[in-house]
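Q:
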Amino acid sequence: MKTERGVSIDNPNESWLESKGTWFTYVLLITLGHLVILSVPFLKTSTAWTLTNMFHNMSMFIFLHYLKGTPFQTADQGKSRRLTHWEQLNNGEQFTGTRKFFTLVPIFLFMLTSFYTNYDGIHFVFNALSLLGLSLVPKFPQMYKVRLFGLNKY
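Below you can see the structure in the form of structure tokens.
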């Protein structure tokens, strides 16, 4: 009798963002979120784009760079307990396709936001600070396992 052997990973947090449809769903959620913000009657289009960009960057910072551990019991003996989701992604390997995708999407969203705000100076400053402080700098390889000011240390 022939038996199939399945592949098991110690921590599902390492690979679920690579699964089929995850990237499409992520972009779809950004689009739907923008449409919800855009549907608020008293907001200008430029303000809606800036809010979309800032909400996206804040939520991804919290989800990828602030929350630590896994939402389920893993077989890795607690090794991922003190790691953020970004640090667990692809088992900590840098410059993978998934990491590049999740780095390029905020940059593309920033470029779209800058275009639709007609390159207004105030919107640009808020969007650029949000992009750099919440999306790009925490993704640098030099920030791996770094906790600034002791925040989120434990």
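The working numbering puts the first residue of the sequence shown at 2, with every later residue one more than the last.
Glycine included, each C-beta is placed from N, C-alpha and C at the ideal position.
1) Under 7 Å Cβ to Cβ from Leu18, same chain only, skipping five residues before and after it: list those, please.
2) Taking contact to mean 3 or more Cβ pairs, one atom from each stretch, closer than 8 Å, check whether the region 119-135 and the region 44-55 are in contact.
3) Determine the contact status of Thr71 and Ser60, defining contact as a CB-CB distance below 8 Å.
4) Using the three-state DSSP reduction, which class does Lys21 fall into: helix, strand or coil?
5) Assuming Phe62 and Pro139 make a contact with CB atoms under 8 Å, what is their CB distance in whole Å?
6) Spatial neighbours of His66 within its chain, please: CB distance less than 6 Å, with the 5 preceding and 5 following residues excluded, ordered by chain position.
A: A quick look at the data gives this:
1) So the qualifying residues of the chain are Leu90 and Thr99.
2) By the criterion of at least three beta-carbon pairs nearer than 8 Å, the region 119-135 is in contact with the region 44-55.
3) No, they are not a contact pair.
4) If DSSP states are grouped into helix, strand and coil, Lys21 belongs with coil.
5) Right, the Cβ-Cβ distance comes to about 7 Å (below 8 Å), so this counts as a contact.
6) The residues are Thr85, Trp87 and Pro139.
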